[in-house]
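As given, the protein sequences belong to chains U and W, one line each in that order. Just so you know, we're using the working numbering here: the first sequence kicks off at 27 and counts up by one. Just so you know, we're using the working numbering here: the second sequence kicks off at 150 and counts up by one. Where is the CB? At the ideal position from N, CA and C, for every residue including glycine. Here's the structure we're looking at; comments come further down.
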Amino acid sequence: MSNASNVVAAEEMPQHRSLWGDVWSQFRTHKGAVAGAAVFFLIVLGVVLGPYIHTLDPQFLDIRNKNLGPSLAHPMGTDNLGRDTLAQVMAGGRVSLLVGIVAMLLSLVVGTAIGVLAGFFKKLDGPLMRFTDLFLALPLLPLLLVIIMLFRDSLRAAFGPETGIFLLIVFVIGITSWMQTARIVRGDVLALKEMEFVVAARSIGAPSRRIISRHILPNVLSPIMVSATLGIANAIITESALSFLGLGFPSDFPTWGRLLYDGANFMQLTPERVIWPGLAISLTVLSVNYMGDGLRDALDPRIRGR
Amino acid sequence: MLNYAIRRLLFAIPTLLIISFLIFAILDLAPNDPTGNLPLTIPPEVREKIRMALGLGDPFPIRYLKWLQQFFINEPLNIIEQAFGITIGDSENRLRVQSWATRSPVVDLIIERTPQTLWVVGMSYVVGILIAIPIGVISAYRQYSVFDQVGTFISMIGFSVPTFFTGLLFIVIFSSTLGWLPSIYDTTHEVTDFASFWFQVKQMIMPVMVLALFNASQLSRFMRASMLDNLSQDYVRTARAKGLKEKVVLLVHVLRNSLIPVVTVIALGIPQIFGGAIITEQIFRVNGLGQLLIVGIQGADIPLVQTLTFIFAILIVFFNLVADIVYGMLDPRIRYE
């Protein structure tokens, strides 16, 4: 199907087809991926622009109007202190998404660096891959919990309550989720290193760092992008799990996971408090996973163009 | 094969030693005072004595080596003694890893909590496998059919929706709205007759299903992919050309070969049975190993947390090894040299 449309497009527009144009046209044929991208875009838009439309302060206490069901003034009801749930979900989403994106970036940088170094320099391969195996053997959730419990107070004292916990959580999620990226990138670099264009670059005397930045990195971009989408989903789930266990963000600086944790105690009274943040997490992760699936197909040259 | 297994086992020893050191160091060097939760009226010199009594007087390397000795020599000796009713050496004065919060040996606490975890989480793993394999087989056999589309969509949902949301959703639906199932798992419940057995089944349904759904959606994706790989192989055509029934081709030839990678995935997931169900245990108040860990973390019970985390690490390393060896045994194309 996409092949036919490509041919038609090529006849109508004689410009050359770029790689990313091809990827985009393949991505569009994956219905789930397009729907996922649309939903994710809407969630980001709602979380970023929503507070300008629904202008209630998420921390404003209105004790008289506590535990309300949904109404026009409070579309998602209010909690046990009379705070507006919609405003809280939007504020929590900003933090959750930011944690997801920043932790993903950190894990990508670490994973790509280790993967490229291990694949490119033979001497580093053994030690770096043993190091990766070691990280894969760590029981991550218990360790994350322990690290957060132990370092929470000192970091909050050093950077202020909000920045401190943010830095800590982003850092621990980032440095415990880079292993898959490193393994995939290393595999690709090992194959690329033997290809003619890299040998040619080396034969004209290009230094290793230029070969890496000019020839290797652009070619491992596709697995990195797929890891990036899956990394966001993973980081959001991990952060929510930590907050859900009471060891993540505090309730005056809530994320979706924290809202769920706080709402769980009032589940009988106001089930909305559990359903909305949970739905937000689930939809975000689901849409990001679908995007990742579509992106993987679109970036795979064996599937693309069929 | 045997050579490979021995080499891997030998390699696991330094890995585990490094992991144990990392775990010990992270917990030990953290800015944290075990006497911090005690009343402020305790004078500093008494506080210092408490710290000494907790074994914090020695320098870091000595404490690490002592912990290693307790974990690798003293505790196994104790277990052997209890199992066979014999006494080896000076068992009265042998130091054991003590929990700071309860002052009882950590290993006893862990043994006490293990059955609950194994029942609930192990059962969910079995249920998950039983759901996943048929779904994976049918979705692959009828690729792109309605069943496949729906199955893939549901497994994507099960894979994406976190267990802490499905768990709470199940509680809202089945226990607070419909009132069919209890929301709290009662561990003291004993099965004596049919009524109590039925209660046990009812209280296990929700925690088991929440985890089973998650496991099944992960496994069915693997199962489907693995079946698809095998269905296009030449031996399938040969089997059909020989005139074998479709059922035999699918269930004997293809399924057996497709299960090979799935079995290794299952083996790799077993450590999660012990450690990964922390959240589900927390939601349904199952007092298993995950809950013990959370209580230990919240109460800053460092020896308990160290030991539990290290046991999880041992399980991960061990089942990685098992997965690799099983894969080599099941698939004759794999040669480890």
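**Message:** Using a Cβ distance threshold of 8 Å, determine whether the region 121-133 of chain U contacts the region 250-269 of chain U, with at least three qualifying pairs required.
**Reply:** yes
**Prompt:** Cβ of W:Ile432 within 9 Å of Cβ of W:Leu267?
**Reply:** no
**Asked** Taking the alpha helix (DSSP H) that W:Gln218 falls in, what are its first and last residues?
**Response** Phe209 to Gln218
**Asked** With a Cβ-Cβ cutoff of 9 Å, do U:Asp288 and U:Asp105 count as a contact?
**Response** yes
**Asked** Would you report the Cα separation of W:Arg405 and U:Leu218, rounded to the nearest angstrom?
**Response** W:Arg405 and U:Leu218: Cα-Cα distance of roughly 35 Å.
**Item:** According to DSSP, residues forming a beta bridge with W:Gln247
**Value:** Paired residue(s): W:Pro254.
**chain U contact residues for W:Ser325, given Cβ-Cβ distances below 8 Å** = Met293, Gln294 and Pro297
**Prompt:** W:Trp329 lies in the alpha helix (DSSP H); which residues open and close that run?
**Reply:** Run containing W:Trp329: none; DSSP gives neither H nor E here.
**Asked** In the structure shown, what three-state DSSP assignment does W:Thr337 receive?
**Response** coil
**Prompt:** Taking Cβ-Cβ distances shorter than 8 Å, what residues in chain C pair up with W:Ser304?
**Reply:** Here the protein chains are U and W, and chain C is not one of them.
**Prompt:** Under a Cβ-count criterion, where at least 16 other Cβ atoms within 10 Å of its own Cβ denotes burial, should U:Met221 be classed as buried or exposed?
**Reply:** exposed
**Whole-number beta carbon distance between W:Phe461 and W:Val411, since they are thought to touch under 8 Å** = Incorrect: roughly 23 Å between the Cβ atoms, too far for contact.
**Message:** I'd like the list of long-range same chain contacts for U:Val246, defined as Cβ closer than 8 Å, with 5 residues on each side in sequence excluded.
**Reply:** Thr138, Gly141, Val142, Val211, Asp214, Val215 and Leu218
**Message:** So U:Ser266 contacts chain W; which residues on that side make the cut at Cβ distance below 9 Å?
**Reply:** Using a Cβ-Cβ cut-off of 9 Å, U:Ser266 is close to Pro311, Phe313 and Phe314 of chain W, given in chain order.
**Prompt:** Relative to chain U, which residues along the region 278-294 of chain W have a C-beta separation below 9 Å, given in chain order?
**Reply:** Of all residues in the region 278-294 of chain W, none is placed with a Cβ closer than 9 Å to any Cβ belonging to chain U.
**Request:** Note down, in chain order, every chain U residue with its Cβ under 8 Å from the Cβ of W:Leu442.
**Result:** Pro168 and Leu171
**Prompt:** Residues of chain U with a CB under 8 Å from the CB of W:Phe149: which are they?
**Reply:** Because chain W spans 150 through 486 in this model, residue 149 of chain W falls outside it and cannot be assessed.
**Request:** Compute the beta-carbon to beta-carbon distance between U:Asn266 and U:Ile201, rounded to the nearest angstrom, for a pair I have assumed lies under 8 Å.
**Result:** According to the sequence shown, residue 266 of chain U is Ser rather than Asn. With 8 Å as the limit, U:Ser266 and U:Ile201 do not qualify as a contact, their Cβ atoms being about 19 Å apart.
**Request:** For U:Thr264, write down the residues that DSSP places opposite it in a beta bridge.
**Result:** Beta-bridge pairing links U:Thr264 to no other residue.
**Request:** For U:Ile307, go through chain W and note every residue whose CB falls closer than 7 Å to its CB, in chain order.
**Result:** Pro311 and Phe314
**Prompt:** Taking the C-alpha atoms as reference points, what is the distance between W:Tyr274 and U:Ala232?
**Reply:** Straight-line spacing of the CA atoms in W:Tyr274 and U:Ala232 works out to 53 Å.
**Asked** Shorter than 9 Å from the beta carbon of U:Pro165 to some beta carbon of chain W?
**Response** Yes, its Cβ sits closer than 9 Å to a Cβ of chain W.
**Item:** U:Phe86 versus U:Leu305: straight-line alpha-carbon distance, rounded
**Value:** Straight through space, the alpha carbons of U:Leu305 and U:Phe86 are spaced by roughly 23 Å.
**Message:** Rounded to whole angstroms, what is the Cα-Cα separation between U:Ser239 and U:Phe146?
**Reply:** 12 Å
**Item:** Cα-Cα separation, U:Phe157 to U:Lys92
**Value:** For U:Phe157 and U:Lys92, the distance between alpha carbons rounds to 52 Å.
**Prompt:** Whose C-alpha, out of W:Trp249, W:Ile260 and W:Arg212, is nearest the C-alpha of W:Gln231?
**Reply:** W:Ile260
**Request:** With W:Trp268 as the anchor, note down where its alpha helix (DSSP H) starts and where it stops.
**Result:** That residue, W:Trp268, is in no alpha helix (DSSP H); it is neither H nor E in DSSP.
**Item:** Contacting residues, own chain, Cβ-Cβ under 7 Å from W:Leu442 (five flanking each side not counted)
**Value:** Ile427, Val454 and Leu457
**Request:** Pick out the complete alpha helix (DSSP H) segments inside the region 339-404 of chain W, 4 residues or longer, and give them in chain order.
**Result:** 343-380 and 383-390
**Message:** Quick check on W:Thr387 - is its C-beta less than 9 Å from some C-beta in chain U?
**Reply:** no
**Asked** For U:Gln294, which option in W:Phe323, W:Gly477 and W:Leu360 has the closest C-alpha, if you only look at C-alpha atoms?
**Response** The option with the nearest alpha carbon to U:Gln294 is W:Phe323.
**Request:** Check whether the Cβ atoms of U:Met251 and U:Phe66 sit closer than 9 Å, and answer yes or no.
**Result:** no
**Request:** Answer with buried or exposed for W:Tyr125, where buried requires no fewer than 16 other C-beta atoms within 10 angstroms of its C-beta.
**Result:** With chain W represented from 150 up to 486, any question about residue 125 of chain W goes unanswered, as that position is not in the structure.
**Message:** Whole angstroms are fine: how far does the CA of U:Thr207 sit from the CA of W:Ala489?
**Reply:** Outside the displayed range of chain W (150 to 486) lies residue 489 of chain W, so it cannot be described from this structure.
**Asked** With 16 as the cutoff for other CB atoms within 10 Å, does U:Arg235 come out buried or exposed?
**Response** exposed
**Chain-ordered chain U contacts of W:Thr164 [CB-CB under 9 Å]** = Ordered by position in chain U, the residues that pass the 9 Å Cβ test against W:Thr164 are Arg156, Asp159, Leu160 and Ala163.
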